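Visitor: Please find one structure pasted underneath; my questions will follow.
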Amino acid sequence: MTNKKTLKETSEKNTDKVTTFYGVCVIEKEHDVTVQETKQPLNLTWADGMVGVMPIFKSYSAAKKYAGKNLDIVEFQLKEEE
């Protein structure tokens with residue numbers, strides 16, 4: 003996990019924008035969608051070799067709600083250089 007104080011100090015020293023988001027440590031292979039009032043599974047693998055997708059959220063609380071008590075949450079940070 004990354005030290006938040008260090009990141010804050012880093013972004014104050016330069017003009018790079020740091021975006022934080024949270025991933026739930028699970029790979030979802032399909033998700034149910036409703037099409038014309040019928041639930042159908044949607045395959046979440048669209049590239050060769052891909053096994054699924056990781057749920058990503060803007061806030062920790064949204065990730066925690068999805069993860070419940072059994073799944074871990076990881077913090078990601080994207081640094082956009084100007």
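For the sequence shown, my numbering gives the first residue as 3, with consecutive numbering after it.
In this text, a Cβ means the ideal position worked out from N, Cα and C, and glycines have one as well.
Please read all numbers here as calculations on a predicted model, not as lab measurements.
Pull up the DSSP beta-bridge partners for Val75, would you.
Guide: Here the sequence assigns Ile to residue 75, which means Val is not the residue at that position. Note: Ile75 sits in a beta bridge opposite Val26.
Visitor: Taking Lys41 as part of the beta strand (DSSP E), name the residues at either end of that continuous run.
Guide: Residues Thr40 to Asn45.
Visitor: How many Å lie between Val76 and Phe23 at the Cα?
Guide: Near 9 Å, if we compare the C-alpha coordinates of Phe23 and Val76.
Visitor: Since Ala49 is in the alpha helix (DSSP H), which residue starts that stretch and which ends it?
Guide: First-last for Ala49: undefined, no H or E at that position.
Visitor: Out of curiosity, what's the CA-to-CA distance linking Val28 and Thr40?
Guide: Near 26 Å, if we compare the C-alpha coordinates of Thr40 and Val28.
Visitor: Confirm, please, whether the CB-CB distance from Lys31 to Gly54 is below 8 Å.
Guide: Yes, these two residues count as a Cβ contact at 8 Å.
Visitor: Whole angstroms is fine: what's the gap from Lys81's alpha carbon to Pro57's?
Guide: Straight-line Cα distance between these residues: approximately 20 Å.
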